[in-house]
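Trainee: I have a structure here, written as structure tokens, and I will follow up with some questions on it.
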Amino acid sequence: MKVLPLPETPPYESVGLWAERAPMRVARGGLRAAAVGGKIYAIGGSNDSHWPFSLGTVLDVNEEYDPARNVWVFRKPMPTPRALFAIAVYGDKIYAISGVSSEGATGVNEVYDPSTDSWEIRAPLPEEAWLGKNPSLFEAAAAVLDDKIHVVVSGGAHYTYDPLTDAWAKKAPLSLEVINALVVVDGKMYAVSGDSLNVYEVEKDAWAPVTSAPWRLTYTVAGASNREICLFGLPKVIPAVFGTPEPALTYIYRPHNNSWIRGATMPTSRFYPGIAFIGGDLYVIGGFIHVAADLIKPSTSNEQYTLQKMSSNQSPNGEAFIQPEHLALLAMTIIVIVAIAAFFKHAGKGAEAKATAQRPQNQD
Numbered sequence: 002m003k004v005l006p007l008p009e010t011p012p013y014e015s016v017g018l019w020a021e022r023a024p025m026r027v028a029r030g031g032l033r034a035a036a037v038g039g040k041i042y043a044i045g046g047s048n049d050s051h052w053p054f055s056l057g058t059v060l061d062v063n064e065e066y067d068p069a070r071n072v073w074v075f076r077k078p079m080p081t082p083r084a085l086f087a088i089a090v091y092g093d094k095i096y097a098i099s100g101v102s103s104e105g106a107t108g109v110n111e112v113y114d115p116s117t118d119s120w121e122i123r124a125p126l127p128e129e130a131w132l133g134k135n136p137s138l139f140e141a142a143a144a145v146l147d148d149k150i151h152v153v154v155s156g157g158a159h160y161t162y163d164p165l166t167d168a169w170a171k172k173a174p175l176s177l178e179v180i181n182a183l184v185v186v187d188g189k190m191y192a193v194s195g196d197s198l199n200v201y202e203v204e205k206d207a208w209a210p211v212t213s214a215p216w217r218l219t220y221t222v223a224g225a226s227n228r229e230i231c232l233f234g235l236p237k238v239i240p241a242v243f244g245t246p247e248p249a250l251t252y253i254y255r256p257h258n259n260s261w262i263r264g265a266t267m268p269t270s271r272f273y274p275g276i277a278f279i280g281g282d283l284y285v286i287g288g289f290i291h292v293a294a295d296l297i298k299p300s301t302s303n304e305q306y307t308l309q310k311m312s313s314n315q316s317p318n319g320e321a322f323i324q325p326e327h328l329a330l331l332a333m334t335i336i337v338i339v340a341i342a343a344f345f346k347h348a349g350k351g352a353e354a355k356a357t358a359q360r361p362q363n364q365d
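Under the working numbering, the first residue of the sequence shown is numbered 2, with each subsequent residue one higher.
Pasting the structure below:
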């Protein structure tokens, strides 16, 4: 196994270790991943080279990854090709719900059984959650809580699905435009939207905001590891003068003390990969690599993230710390201010000299 070097950041800003694993066979982004029985299943996605991806490029591909052997094999394709759908595991079966199909936003609910390599159709997500939604802005996320599959879609509609009765129930909506992930830690469910988190209060059927990540993120994916929530996303604002692909940043939320720490930057910068937790580690698979403007490149990358304990000089209480990106922006701001000041100073001296030259001389 090839171990990738960590980015050169101060010790208190880099938590975790990345390792390169065998790539998928089919390059794609907007896929979803889930772990069952010691295997990871990477399902669906798009192989488009433009963003936003066109509906005709969504895929039905289903690949199984064995971390122990570091090999991929194809499994039975998903009946309805889709991308950015909600995925959840219940009873050792994988539920693929809603998302974007070749016809636009959809509520289809299909269940994959790895033990028989077969799919079955279940009751779809109610139409009011997805019908008429803009597919370019649509995404769905799912998580299992209290024996129900919770599904939240872009726009904030929130439903629960009971796999035993094949029935849906409407729940408290979430006030957001985009949903990136639902993650459960210590019996609490968190909704991830960019760099912000909201926690679901089951007893009240209500959502409450949680402190946001220290850096603004977009196209985020998230997963839980060691009772902490790992966010992987692109910076929301990157100066064009950088001229390089955006780094995929990692931030880790620690619910037990409501704090954030910086994780090691993803070696292969990409957005909308699939993510799965298995064997104590997170696997970040596929995704889109931003090439230029609206040009993207689907990826086969498969990188394993191991969350490590904080070192002694890391902030245990989530205190504010300066990020390398912040320093870069600060430096650029200072340079611009100094340049402007120098310009006006030079202009002022020029005007003063001109005025002196034009001033009438005293006659004796």
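Glycine included, each C-beta is placed from N, C-alpha and C at the ideal position.
Everything numeric in this text was worked out from a predicted model, so none of it was measured.
Is it the case that the Cβ atoms of Pro-80 and Trp-131 are separated by a distance below 7 angstroms?
Mentor: Against a cut-off of 7 angstroms, the Cβ pair of Trp-131 and Pro-80 comes out as no contact.
Trainee: Here's a check: name, in chain order, each residue in its chain whose Cβ is nearer than 6 angstroms to the Cβ of Asp-61, leaving out the five neighbours to either side.
Mentor: So the list reads Pro-78, Met-79 and Pro-82, once near-sequence residues are dropped.
Trainee: When DSSP labels each residue in this structure, what does Gly-57 get in the three-state scheme?
Mentor: The answer is helix: DSSP assigns Gly-57 an H, G or I state.
Trainee: Suppose you measure from the CA of Arg-203 to the CA of Asn-110; what does that come to, to the nearest Å?
Mentor: Per the sequence shown, the amino acid found at residue 203 is Val instead of Arg. Going by the C-alpha atoms only, they are around 24 angstroms apart.
Trainee: Which residue from Tyr-91, Tyr-254, Ser-50 and Asp-206 puts its Cα closest to that of Leu-165?
Mentor: Closest by alpha carbon: Tyr-91.
Trainee: Compute the distance between the beta-carbons of Asn-48 and Arg-33, then report whether it is under 7 angstroms.
Mentor: No, the Cβ-Cβ distance between Asn-48 and Arg-33 is not below 7 angstroms.
Trainee: Would you kindly report the start and end of the unbroken beta strand (DSSP E) that includes Trp-120?
Mentor: It spans 119-123 - the beta strand (DSSP E) in which Trp-120 sits, taken as one unbroken run.
Trainee: When the Cα of Leu-126 is compared with those of Ile-230, Ala-214, Ser-270 and Thr-107, which residue comes out closest?
Mentor: The residue with the shortest Cα to Cα distance from Leu-126 is Thr-107.
Trainee: Using the Cβ count rule (16 or more neighbours within 10 Å means buried), how would you classify Ser-226?
Mentor: Buried: at least 16 other Cβ atoms inside 10 Å.
Trainee: Using three-state DSSP, classify Gly-17 as helix, strand or coil.
Mentor: Here Gly-17 sits in coil by DSSP.
Trainee: Anyone know if the C-beta pair for Leu-232 and Thr-219 falls short of 7 angstroms?
Mentor: No; because the gap between Cβ atoms is not below 7 angstroms, this pair is not in contact.
Trainee: What does a CB cutoff of less than 7 angstroms around Leu-175 pick up in its chain, not counting 5 residues either side in sequence?
Mentor: Cβ neighbours of Leu-175 beyond the five flanking positions: Val-153, Gly-157, His-159, Ala-192, Asn-199 and Trp-208.
Trainee: So the beta strand (DSSP E) Ser-194 belongs to, where does it begin and stop?
Mentor: Counting along the chain, the beta strand (DSSP E) containing Ser-194 begins and ends at 189-194.
Trainee: Sort Pro-215, Tyr-254 and Arg-228 by Cα distance to Lys-237 and report the nearest one.
Mentor: Checking every option, the nearest Cα to that of Lys-237 belongs to Pro-215.
Trainee: Note down the Cα distance separating Lys-171 from Lys-205, rounded to an integer number of angstroms.
Mentor: Straight-line Cα distance between these residues: approximately 14 angstroms.
Trainee: I need the straight-line Cα distance from Gly-100 to Ile-122, nearest angstrom please.
Mentor: So the alpha carbons of these two residues sit roughly 15 angstroms apart.
Trainee: Can you name the start and end residues of the beta strand (DSSP E) that Trp-169 belongs to?
Mentor: Run containing Trp-169: 168-171, per the beta strand (DSSP E) assignment.
Trainee: Taking Phe-289 as part of the beta strand (DSSP E), name the residues at either end of that continuous run.
Mentor: 289-293 is the extent of the beta strand (DSSP E) around Phe-289.
Trainee: DSSP puts Phe-272 in a beta bridge; with which residues?
Mentor: Beta-bridge pairing links Phe-272 to Phe-289.
Trainee: Kindly indicate which residue of Val-59, Leu-85, Arg-271 and Gly-195 has the alpha-carbon position closest to the one of Leu-296.
Mentor: For the residues Val-59, Leu-85, Arg-271 and Gly-195, the minimum Cα distance to Leu-296 belongs to Arg-271.
Trainee: In its own chain, which residues sit with a C-beta less than 6 angstroms from the C-beta of Pro-210, not counting the 5 before and 5 after it?
Mentor: Within the same chain, Pro-210 has close Cβ partners Asn-199.
Trainee: Is His-51 buried or exposed, if buried means 16 or more other CB atoms sit within 10 Å of its CB?
Mentor: Label assigned to His-51: exposed.
Trainee: Can you name, in chain order, every residue of its own chain whose Cβ lies under 6 angstroms from the Cβ of Val-112, other than the five neighbours on each side?
Mentor: Here the set comprises Lys-94, Tyr-96, Glu-121 and Arg-123.
Trainee: Roughly how many whole angstroms lie between the Cα atoms of Asp-196 and Ile-180?
Mentor: Cα to Cα, Asp-196 sits roughly 11 angstroms from Ile-180.
Trainee: What does the alpha-carbon distance come out to for the pair Glu-21 and Gln-305?
Mentor: Distance between the alpha carbons of Glu-21 and Gln-305: 6 angstroms.
Trainee: Ala-144 and Val-186: beta carbons closer than 7 angstroms?
Mentor: Cβ distance not < 7 angstroms, so Ala-144 and Val-186 don't count as in contact.
Trainee: Which first and last residues belong to the beta strand (DSSP E) in which Val-112 is found?
Mentor: 110-114 is the span of the beta strand (DSSP E), which, as asked, contains Val-112.
Trainee: Distance, Cα to Cα, Val-27 vs Thr-301?
Mentor: Between Val-27 and Thr-301, the C-alpha separation is close to 6 angstroms.
Trainee: Please list, in chain order, all residues of the same chain as Asn-249 whose beta carbon is under 8 angstroms from its beta carbon, the five residues on each side excluded.
Mentor: Per the sequence shown, residue 249 should be read as Ala rather than Asn. Counting only Cβ-Cβ distances below 8 angstroms, and skipping sequence neighbours, we find Phe-233, Gly-234, Leu-235, Thr-266, Met-267, Thr-269, Ser-270, Arg-271 and Phe-272.
Trainee: Could you have a look at Ser-103 and say whether DSSP puts it in helix, strand or coil?
Mentor: If DSSP states are grouped into helix, strand and coil, Ser-103 belongs with coil.
Trainee: List the DSSP bridge partners of Tyr-254.
Mentor: According to DSSP, which records beta bridges pairwise, Tyr-254 is partnered with Ile-230 and Trp-261.
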